[in-house]
Amino acid sequence: MGDLLDVVVRHSKEGGFIVRAAVELADDPATMRRVQDAWTDLERDLAAILARAVERGELDPAADPGRLARTALVFVQGALVTGHADEDDSRLADAAAGLVDLLASYRPSATAAPIRSQAADDALLNES
Numbered sequence: 001m002g003d004l005l006d007v008v009v010r011h012s013k014e015g016g017f018i019v020r021a022a023v024e025l026a027d028d029p030a031t032m033r034r035v036q037d038a039w040t041d042l043e044r045d046l047a048a049i050l051a052r053a054v055e056r057g058e059l060d061p062a063a064d065p066g067r068l069a070r071t072a073l074v075f076v077q078g079a080l081v082t083g084h085a086d087e088d089d090s091r092l093a094d095a096a097a098g099l100v101d102l103l104a105s106y107r108p109s110a111t112a113a114p115i116r117s118q119a120a121d122d123a124l125l126n127e128s
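Numbering of the sequence shown is given in this note's numbering, commencing with residue 1 and proceeding in unit increments.
If you want it as structure tokens, here you go:
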């Protein structure tokens, strides 16, 4: 599951352009196609990671990788906006912890290993 958090952190650092384009250029069809393509790619990557976690027994078989991937995608996009606009880092840190808690709630047992990022910098959105 560390792979998921690594992808989220990486996208958070690289994805500011996508959010700005979505907000500022929403009337431009060509730009919005690129934004939609980027979101589709990220959602697909996250869903694949989550599906592998289900296959490896890291997530409950009842977990819906597609729905969880979409939740993570929307979290990342909102986190990018919050990270840029909010001087209170605790709001974003609390939200990130909430996402980790949500994913952890799908672990098959209470004795399963905690979800941890293997990213060198685990601070979401400190750089974007």
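Yeah, the Cβ is synthetic: ideal placement off N, Cα and C, and Gly gets one too.
Being a predicted model, the structure only gives us computed values, none of them experimental.
- Every unbroken stretch of the alpha helix (DSSP H) spanning 4 or more residues and falling wholly within the segment 17 to 57 is given here in chain order: 29 to 55.
- Of the residues Val-23, Asp-28 and Ala-104, the one whose Cα lies closest to the Cα of Leu-68 is Ala-104.
- Put simply, the backbone Cα of Leu-25 is about 7 Å away from that of Thr-31.
- Ala-96 carries a helical assignment under DSSP once its states are collapsed to helix, strand and coil.
- Judged by beta-carbon spacing, Asp-60 lies within the 7 Å limit of Tyr-106, meaning their Cβ atoms are closer than that value.
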